[in-house]
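S.K.: First residue of the sequence shown: 184, per my numbering; consecutive thereafter.
Backbone N, C-alpha and C fix where the C-beta goes; we use that ideal spot for every residue, glycine too.
Small disclaimer: the values here were computed from a predicted structure and weren't measured.
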Amino acid sequence: MPTRVCCCCSALRPRYKRLVDNIFPEDPKDGLVKADMEKLTFYAVSAPEKLDRIGAYLAERLSRDVVRHRSGYVLIAMEALDQLLMACHSQSIKPFVESFLHMVAKLLESGEPKLQVLGTNSFVKFANIEEDTPSYHRRYDFFVSRFSAMCHSCHSDPEIRTEIRIAGIRGIQGVVRKTVNDELRATIWEPQHMDKIVPSLLFNMQKIEEVDSRLGPPSSPSAADKEENPAVLAESCFRELLGRATFGNMNNAVRPVFAHLDHHKLWDPNEFAVHCFKIIMYSIQAQYSHHVIQEILGHLDARRKDSPRVRAGIIQVLLEAVAIAAKGSIGPTVLEVFNTLLKHLRLSVELEANDSQKGSVGSVTVSSKDNDEKIVQNAVIQTIGFFGSNLPDYQRSEIMMFIMGKVPVFGTSTHTLDISQLGDLGTRRIQIMLLRSLLMVTSGYKAKTIVTALPGSFLDPLLSPSLMEDYELRQLVLEVMHNLMDRHDNRAKLRGIRIIPDVADLKIKREKICRQDTSFMKKNGQQLYRHIYLGCKEEDNVQKNYELLYTSLSCHYITDLKW
184 MPTRVCCCCS ALRPRYKRLV DNIFPEDPKD GLVKADMEKL TFYAVSAPEK LDRIGAYLAE
244 RLSRDVVRHR SGYVLIAMEA LDQLLMACHS QSIKPFVESF LHMVAKLLES GEPKLQVLGT
304 NSFVKFANIE EDTPSYHRRY DFFVSRFSAM CHSCHSDPEI RTEIRIAGIR GIQGVVRKTV
364 NDELRATIWE PQHMDKIVPS LLFNMQKIEE VDSRLGPPSS PSAADKEENP AVLAESCFRE
424 LLGRATFGNM NNAVRPVFAH LDHHKLWDPN EFAVHCFKII MYSIQAQYSH HVIQEILGHL
484 DARRKDSPRV RAGIIQVLLE AVAIAAKGSI GPTVLEVFNT LLKHLRLSVE LEANDSQKGS
544 VGSVTVSSKD NDEKIVQNAV IQTIGFFGSN LPDYQRSEIM MFIMGKVPVF GTSTHTLDIS
604 QLGDLGTRRI QIMLLRSLLM VTSGYKAKTI VTALPGSFLD PLLSPSLMED YELRQLVLEV
664 MHNLMDRHDN RAKLRGIRII PDVADLKIKR EKICRQDTSF MKKNGQQLYR HIYLGCKEED
724 NVQKNYELLY TSLSCHYITD LKW
């Protein structure tokens, strides 16, 4: 029962207290006394300087009712607060807000789920109110901590647990909306807050039964799904948070994602990790994409001593991020991406070579590690190829030169890759991996002239591996040459070693040879034919070598290099 005073004493009480007392009925089941609530609202609007006192008195009553477990009166007090907040839009509302937030905090601290949800609902309504001026002194540290804790609710009743988690997510969403629109925007992005908010959202997002693996932006969930499913609501809140991130604070929102994935060992398998970074890449502003890629590269470096499957999982995430970023702005990180990937390719080959040298002791374990390292290597090559194939021609040329400069060639010291720890087997492996990477980058490359595709600074290093005593390396060099010189997709018409009675039957696409290409052939033609001749003499050639050599020779002779 509410506290009552006698008639003679009530007249001595301040008017605002009398108005507040009158909105509470004798029986809380009767609900808020609407007529008296209208009087209190009119009084508050007419005398806004009294708002802070009204709020303080309501807070006093609510605190007492919470302690005495009078839930009915608590509901009435919060309903009154909500109505006053919605009605009083003025600068003087700020002192009243302090009392309101104090009451919401009391409800969130209570152990009763019903009151926690009630407090959250009131806070969300408050978050949607646009205040006239920012409140520089107000902080939401408690609410961030409390709502984050609610997101991890372990209540024994599944329905109540879900209700509390949904309330926690909605509370976080309210804090984000309230703070990013005023001068407090720098506060919410501080690491101590992001380290609570982001993992809480990811924890609930993990409950999605079927992770969306599409490359395109996922469809927006319905309002009903958001209200009933913590995973869907958490994902929506995560997207909104990232969408509001700016240049200066975006990394603070991304880095806790790595910590969460590390802590819960979600890189292998990495479906959830891929899902998270697709959300990130589609939610942030396009011009910030390269920052996310830099963060992934940095994390890959930090986890370089982890198991191959973890590293492969991170590289796969990088591939998905690059696939999305390639549609927009990649930024100044192109060489950094390739340098990091090639560094990890060398590291993987080195680890594989070291394991192979351990001998037959524990051969099953060593074989398993070798296979895992091949997964890493294939992931690196796939990422390099995809990234390179989406670059503009001028950048692709730079990357081709960059990769070619890494290929170790015996008897030369022109390469920039440290192979001191690789041994002969490891060196051969890295040669193959790098040439495979180069092959993927050159795929689909169509330079206007051969001089552009094969400048002297690139041709000589490329032809050097074509004379190596390894048939697989020679095959890769020839395939790279075909990628660079075949500008009209004529290779398919020349496959298979055969005599061609009438060249016209092949319907080869031709164009008039330009002056630059003529000059190129005068300068380098004999060198190209010499390498084809010497390649034919290699004793370890297999059928594929001869077919590639035949294709090269046929194209040179028949088309007069007018590919």
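1) For D762 and H376, I'd like the C-alpha separation in whole angstroms.
2) Just how far apart, CA to CA, sit L667 and S620?
3) Return the Cβ separation of A260 and L234 in integer angstroms, given the expectation that the two are a contact with Cβ distance under 8 Å.
4) Could you check where the alpha helix (DSSP H) with N453 kicks off and where it finishes?
5) Could you check the C-alpha separation between V505 and G255 for me, to the nearest Å?
6) S731 and E662 look like a contact to me (Cβ under 8 Å); what is the Cβ gap, rounded to whole Å?
7) Using the Cα positions of I633 and Q699, report the straight-line distance between them to the nearest angstrom.
8) Specify the secondary structure class of K695 as computed by DSSP and reduced to three states.
9) Assuming I462 and R427 form a contact by the criterion Cβ under 8 Å, report the distance between their Cβ atoms to the nearest whole angstrom.
10) For the region 529-537 against the region 497-504, do three or more pairs of beta-carbon atoms, one drawn from each stretch, fall closer than 8 Å, so that the two count as touching?
11) Assuming the contact rule is C-beta atoms closer than 8 Å, F330 and I355 should be a hit. Round their C-beta distance to whole Å, please.
12) At what residues does the alpha helix (DSSP H) containing A239 begin and finish?
13) Where does H714 fall in DSSP's three states?
14) Using a Cβ-Cβ cutoff of less than 6 Å, which residues in the same chain neighbour V359 once the five nearest sequence positions on both sides are dropped?
15) Alpha carbon to alpha carbon, what distance is there between A456 and R348?
16) Taking contact to mean at least 3 C-beta pairs separated by less than 8 Å, is the region 641-653 in contact with the region 622-629?
17) Starting from N673, trace the alpha helix (DSSP H) in both directions and tell me its first and last residue.
18) What would DSSP say about N432, mapped onto helix, strand or coil?
19) Classify G214 as buried or exposed, calling it buried when 16 or more other Cβ atoms lie within 10 Å of its own Cβ.
20) For T734 versus R670, is the C-beta distance shorter than 8 Å?
21) Considering only C-alpha positions, which residue in the set R353, S293, M584, M269 is nearest to P307?
22) Using 8 Å as the threshold, is the C-beta distance between Q658 and K727 below it?
23) Just to confirm the assignment: which complete beta strand (DSSP E) runs, minimum length 3, are found wholly within the region 574-638?
24) Given a threshold of 16 other Cβ atoms within 10 Å of its Cβ, counted over all protein chains shown, does V165 qualify as buried or as exposed?
25) So, W450 versus V381, is the Cβ gap smaller than 8 Å?
26) List the whole-angstrom C-beta distance separating V203 from I237, where the pair is believed to meet the contact cut-off of C-beta under 8 Å.
27) Under the assumption that H338 contacts P374 (Cβ atoms under 8 Å), give the Cβ distance between them as a whole number of angstroms.
28) Please list, in chain order, all residues of the same chain as P197 whose beta carbon is under 8 Å from its beta carbon, the five residues on each side excluded.
29) Measuring CA to CA, which of Q389, Y471, D723 is closest to K448?
30) Buried or exposed for E209, please, with buried defined as at least 16 other CB atoms from any protein chain shown within 10 angstroms of its CB.
31) Quick one: what does DSSP say K557 is sitting in, helix, strand or coil?
32) Name the residue from A469, V475, Q470 whose alpha carbon lies nearest to the alpha carbon of C459.
33) Here's the rule I'm using: 16 or more other beta-carbon atoms within 10 Å means buried, otherwise exposed. How should S543 be labelled?
34) Name the residue from A442, N434, S490 whose alpha carbon lies nearest to the alpha carbon of I467.
35) Which word fits C719, buried or exposed, when buried means at least 16 other C-beta atoms lie within 10 angstroms of its C-beta?
M.R.: Result, derived from the coordinates:
1) Outside the displayed range of the chain (184 to 746) lies residue 762, so it cannot be described from this structure.
2) Start at 1 with the first residue of the sequence shown, and residue 667 comes out as number 484. Start at 1 with the first residue of the sequence shown, and residue 620 comes out as number 437. If I take the Cα positions, the gap works out to 14 Å.
3) Indexing the sequence shown from 1 puts residue 260 at position 77. Indexing the sequence shown from 1 puts residue 234 at position 51. The beta carbons of A260 and L234 sit about 15 Å from each other, so the pair does not count as a contact at 8 Å.
4) Position 270 of the sequence shown, counted from the start, is the residue given in the question as residue 453. Where N453 is concerned, there is no enclosing alpha helix (DSSP H), given that its DSSP letter is neither H nor E.
5) The residue you call residue 505 lines up with position 322 of the sequence shown. The residue you call residue 255 lines up with position 72 of the sequence shown. Cα-Cα distance, rounded: 55 Å.
6) As a position in the sequence shown, residue 731 is number 548, starting the count at 1. As a position in the sequence shown, residue 662 is number 479, starting the count at 1. It is Leu, not Ser, that sits at residue 731 in the sequence shown. 7 Å between Cβ atoms; contact.
7) As a working note, residue 633 is residue 450 in the sequence shown. As a working note, residue 699 is residue 516 in the sequence shown. Distance between the alpha carbons of I633 and Q699: 8 Å.
8) Taking the first residue of the sequence shown as 1, we reach residue 695 at position 512. Coil at K695, not helix or strand.
9) Taking the first residue of the sequence shown as position 1, residue 462 is located at position 279. Taking the first residue of the sequence shown as position 1, residue 427 is located at position 244. Not quite, the Cβ-Cβ distance comes to about 14 Å (not below 8 Å), so this is no contact.
10) Counting Cβ pairs under 8 Å, fewer than three are found: no touch.
11) For the purposes of this step, residue 330 is identified with residue 147 of the sequence shown, where counting begins at 1. For the purposes of this step, residue 355 is identified with residue 172 of the sequence shown, where counting begins at 1. About 5 Å separates the two Cβ atoms, so the contact holds.
12) For the purposes of this step, residue 239 is taken as residue 56 along the sequence shown, with counting starting at 1. Looking at the DSSP string, the run of the alpha helix (DSSP H) that includes A239 is 234-250.
13) By one-based count along the sequence shown, residue 714 stands at place 531. H714 falls in the helix class under three-state DSSP.
14) Position 176 of the sequence shown, counted from the first residue, corresponds to residue 359. Closer than 6 Å at Cβ, skipping near neighbours: L424.
15) Taking the sequence shown and counting its residues from 1, one reaches residue 348 at position 165. Taking the sequence shown and counting its residues from 1, one reaches residue 456 at position 273. Spanning the two alpha carbons is a distance of roughly 22 Å.
16) Touching, no, given that fewer than three Cβ pairs across the two stretches are closer than 8 Å.
17) Position 490 of the sequence shown holds residue 673. Per DSSP, N673 is not a residue of any alpha helix (DSSP H), being assigned neither H nor E.
18) Taking the sequence shown and counting its residues from 1, one reaches residue 432 at position 249. Looking at N432 - three-state DSSP - the assignment turns out to be coil, as it is neither helix nor strand.
19) The count along the sequence shown starts at 1 and reaches residue 214 at position 31. Answer is exposed; the Cβ neighbour count stays below 16.
20) Within the sequence shown, the letter at position 551 stands for residue 734. Within the sequence shown, the letter at position 487 stands for residue 670. No, these two residues do not count as a Cβ contact at 8 Å.
21) The count along the sequence shown starts at 1 and reaches residue 307 at position 124. First, the residue type needs correcting, since residue 307 is Val and not Pro in the sequence shown. Answer by Cα proximity: R353.
22) For this step, residue 658 is matched to residue 475 along the sequence shown. For this step, residue 727 is matched to residue 544 along the sequence shown. Yes, the pair counts as a contact, with Cβ atoms nearer than the cut-off.
23) None, since the region 574-638 contains no complete beta strand (DSSP E) of that length.
24) Any question about residue 165 goes unanswered here, given that the chain covers just 184 to 746.
25) Within the sequence shown, the letter at position 267 stands for residue 450. Within the sequence shown, the letter at position 198 stands for residue 381. Inclusion of W450 and V381 in the CB contact set at 8 Å is not warranted, their separation being larger than that value.
26) Against the sequence shown, residue 203 aligns to sequence position 20. Against the sequence shown, residue 237 aligns to sequence position 54. Contact annotation, V203 with I237: C-beta distance approximately 6 Å; criterion of less than 8 Å satisfied.
27) Here residue 338 corresponds to residue number 155 of the sequence shown, with the count starting at 1. Here residue 374 corresponds to residue number 191 of the sequence shown, with the count starting at 1. That belief does not hold up - the Cβ atoms of H338 and P374 are roughly 29 Å apart, past 8 Å.
28) Residue numbering aside, residue 197 sits at position 14 when the sequence shown is read from its first letter. Cβ neighbours of P197 within its own chain (closer than 8 Å, five residues either side excluded): R236.
29) For the purposes of this step, residue 448 is identified with residue 265 of the sequence shown, where counting begins at 1. Looking at the Cα atoms, Q389 is the closest of the given residues.
30) Along the sequence shown, read from residue 1 onward, the residue named residue 209 stands at position 26. Per the 10 Å Cβ criterion, exposed.
31) For this step, residue 557 is matched to residue 374 along the sequence shown. Correct three-state label for K557: helix.
32) Taking the first residue of the sequence shown as 1, we reach residue 459 at position 276. Among A469, V475, Q470, the Cα nearest to that of C459 belongs to V475.
33) Mapped onto the sequence shown, residue 543 falls at position 360. With a pLDDT of 45 at S543, under the threshold of 50, the predicted position of this residue should be treated as unreliable, though the coordinate-derived value follows. A residue is called buried when at least 16 other Cβ atoms come within 10 angstroms of its Cβ; S543 does not meet this threshold and is exposed.
34) By 1-based counting over the sequence shown, the position of residue 467 is 284. The residue with the shortest Cα to Cα distance from I467 is N434.
35) Taking the first residue of the sequence shown as position 1, residue 719 is located at position 536. C719 is exposed by the Cβ-count criterion.
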